[in-house]
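Per the numbering used here: the sequence shown = residues 3 to 493.
The beta carbon of each residue, even a glycine, is placed where N, CA and C say it ideally should be.
Just below is one structure, and these are the notes that go with it.
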Amino acid sequence: MKRQDNKPQKIKKVLIANRGVPAVRIIHTCRDRMIPTTAVYSTPDRLALHALMADSAVHIGDAPPSESYLNAEKIIGAALKSEANAIHPGWGFLAENADFARMVIDSGLIWIGPEPEVIAAMGDKIRAKKLAIKANVPTIPGISDVSDVKQIKQWMKEDEVTYPIMIKAAAGGGGKGMVKVESDKQLKTAFSQAKSEAFKAFGDDKLLAEKYIERGRHIEVQVVADQHGNVFHLYERECTLQRRNQKIIEEAPSPTINDDLRNEICFTAVRLMREIGYTTAGTVEFIFDSNTRRFYFLEVNTRLQVEHGVTELITGKDIVGLMLDAAEGREFQFRQEEIRPNRWALECRINAEDPRTFSPSFGTITRLKAPLGPGVRVAMGAYEGADIPPYYDSLFMLIMTAGPARDDAIRVMDRTLSRNLRVEGVKTLAPLLLSIIRHKAFKSGEFSTKFIEDHMDELVSMFREHDSEDEALKIADYVARISALGPQDWM
């Protein structure tokens, strides 16, 4: 699955087939390398931050993603129009679309990502699992190509599998088309739900079923590879804290595993990526069973991950820059033993959502105070006065903190969320994130993928939300005191 032609090719201008946080992130590295960029934008994004930051911007359609950010022909046309000779997809939208990657290459443009054949292979969970088995990577006990409920029941009986189990869409990811089943009574309904969600999300209703790992931890390994056969890991990230099967807090390294297990899981990821001929940045995701201390393959993300920044903070590597190097056919100039993490990093995703219900909260950001200070890195996707439109993912900011040890990174994140961040006009997940990092179970590292589900009421009870009405009340109280008491000595 390796590139047929690995002759060096110079990237002269990059079109970013994305919006918001990922587009802005890629622009920063391109600026560092003096590479001009082209942004694409939909009608409601005409004043979006990524469109304003890029060297040029091309309008590609109306609000619906199918008419803009998912329209491959318009994006490639924009690249040719703006004289960009390379396309970076970021994450989401067309980032893991093998057909789009092939169209980019066939148009004579440089694709900043893995080979289309690799994307297609890893995008099919059934095929990916078979490749993992071939590479001697542990996989979750399960059954592929599930066509009916009877098939699942037969598998459970023959392999002595007990509930709960998970029914998953074979295509795609991001928590869509995944349904947990607790009993025989739920099986038929869950099967129909997963099949329907899979078709709606991915246009493919093929399913698989697997044993559900109780008290599971979500650990992923960042891998980078060039076109010269070099495959390296940049260590692991803990991505266990999720809502609706989507991550909201990540950290590196993982507090769950020791050095022996860390080496095993990281080199297992490298072995798999080498087996499939991977040639850029990508992530191998595992589920870790806290009870048995064993890990199992979940999937390969053939793209830049949202949480890549925490890995950059602990290793000093620019992962977007390495993707540019790989696309140009450059050989990486470092060795595995030279990569030595020396810090702990934590990331919180700031989504425009109600922290109590996770319902989207769209509108205009009337006030935005970006958190600054020692040990803080902020990835912005919006600005004060910008709109959060209802058509796309609600993520508009990533906050990362770092310190010599985990306690230090948590302490800086507490300061950042509680004192230095201010967002008005839309609701955000910030109150929930603050409650999580202050929870004793999080601080001790004792949590699983069910943490938010199990502790939601307790977390909400810890909220200390402030808004403009609070400020108005403070001012009114001040005026009342002065009016009643007269001038004070300190005035």
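The stretch 186-200 touching the stretch 157-176, judged by at least three CB pairs closer than 8 Å: Here the stretch 186-200 lies against the stretch 157-176, with 3 or more beta-carbon pairs under 8 Å apart.
Identity of the residues DSSP links to T141 by a beta bridge: According to DSSP, T141 bridges with F299.
Distance cut-off 7 Å: S68 Cβ against heavy atoms of the ligand FAD: With respect to the ligand FAD, the structure offers nothing, as it holds no ligand at all.
Pair within 8 Å by beta-carbon distance, W123 and A134: The amino acid at residue 123 is misidentified as Trp; the sequence shows Ala. Result no, Cβ atoms of A123 and A134 do not sit closer than 8 Å.
Enclosing alpha helix (DSSP H) for R264 [first to last residue]: That run of the alpha helix (DSSP H) goes 261-277.
Whole-angstrom C-beta distance between E309 and R239, which should lie under 8 Å: Taking the Cβ atoms as the reference, R239 lies roughly 6 Å from E309, within the contact range of under 8 Å.
Exposed unless 16 or more other CB atoms sit within 10 angstroms - verdict on M493: Summary for M493: the model assigns pLDDT 49, below 50, so the residue's position carries little reliability, and this model does not support an answer.
Member of I37, I29, H52 whose CA lies at the smallest distance from the CA of R21: For R21, the nearest C-alpha among the options comes from H52.
Run of the alpha helix (DSSP H) containing D291, from where it starts to where it stops: Run containing D291: none in the alpha helix (DSSP H); it sits in the beta strand (DSSP E), 283-291.
Those residues which DSSP pairs with S1 across a bridge: In the structure as shown, the chain begins at 3 and stops at 493. Residue 1 is therefore absent and cannot be evaluated.
Cβ-based neighbour list, I2, same chain, cut-off 6 Å, excluding 5 preceding and 5 following: No information on residue 2 is available, as it lies outside the stretch 3 to 493 that the chain covers here.
Per DSSP, the bridge partner or partners of A254: In the DSSP output, where bridge partners are listed per residue, A254 has A347.
Three-way DSSP call (helix, strand, coil) for I28 in this model: When secondary structure is reduced to three states using DSSP, I28 falls in the helix class.
Helix, strand or coil at V120 according to DSSP, with G and I counted as helix: Helix.
Euclidean distance between Cα positions of Q153 and K127: So the two alpha carbons sit approximately 18 Å from each other.
F465 beta carbon less than 8 Å from that of L243: Taking 8 Å as the Cβ cut-off, L243 and F465 do not qualify as a contacting pair.
Buried versus exposed, by CB contacts within 10 Å (16 or more), Q6: Because Q6 carries a pLDDT of 46, less than 50, the predicted location of this residue cannot be relied on, and no value is offered for it.
Proximity test, Cβ basis, 8 Å: L419 and chain D: The question asks about chain D, but that chain is absent: this structure has only one protein chain.
Beta strand (DSSP E) segment containing I167, residue limits: Unbroken beta strand (DSSP E) run through I167: 167-171.
Burial state of F398, where buried means 16 or more other Cβ atoms lie within 10 Å: Label assigned to F398: buried.
D57 in three-state terms, based on DSSP: DSSP places D57 in coil when its eight states are reduced to three.
6 Å Cβ shell around V226 - same chain, five flanking residues per side excluded: Scanning its chain for C-beta atoms nearer than 6 Å, with the 5 sequence neighbours on each side dropped, one finds around V226 the residues F234, A283, L324, in chain order.
Distance, M402 Cα to G375 Cα: Each residue's CA atom was taken as its position, placing G375 and M402 some 11 Å apart.
Bridge-paired residues (DSSP) for D207: In DSSP, D207 forms no bridge with anything.
Meets three-Cβ-pair contact criterion under 8 Å: the stretch 75-87 and the stretch 103-110: Contact holds between the stretch 75-87 and the stretch 103-110, because three or more Cβ pairs, one in each stretch, are under 8 Å apart.
Inter-stretch contact at 8 Å, needing at least 3 Cβ pairs: the stretch 265-279 / the stretch 85-92: Too few Cβ pairs lie closer than 8 Å, so no.
Straight-line gap, V312 to E253 (C-alpha atoms, nearest Å): Per the coordinates, the alpha-carbon of V312 lies some 6 Å from the alpha-carbon of E253.
Own chain, CB closer than 6 Å to K155, minus 5 neighbours either side, in chain order: Excluding five sequence positions before and after K155, none of the CB atoms of its chain fall closer than 6 Å to its own CB.
Three CB pairs or more closer than 8 Å across the stretch 14-32 and the stretch 321-338: Enough Cβ pairs lie closer than 8 Å, so yes.
The stretch 384-392 contacting the stretch 441-457, beta-carbon criterion three pairs below 8 Å: Result no; under three Cβ-Cβ pairs closer than 8 Å.
Close Cβ partners of S1 (< 6 Å) along its chain, the five nearest in sequence each way excluded: Because the chain is modelled from 3 through 493, residue 1 falls outside the range shown and cannot be assessed.
Beta-carbon proximity of K14 to E330, cut-off 8 Å: Contact annotation: K14 and E330 have beta-carbon atoms that are not nearer than 8 Å.
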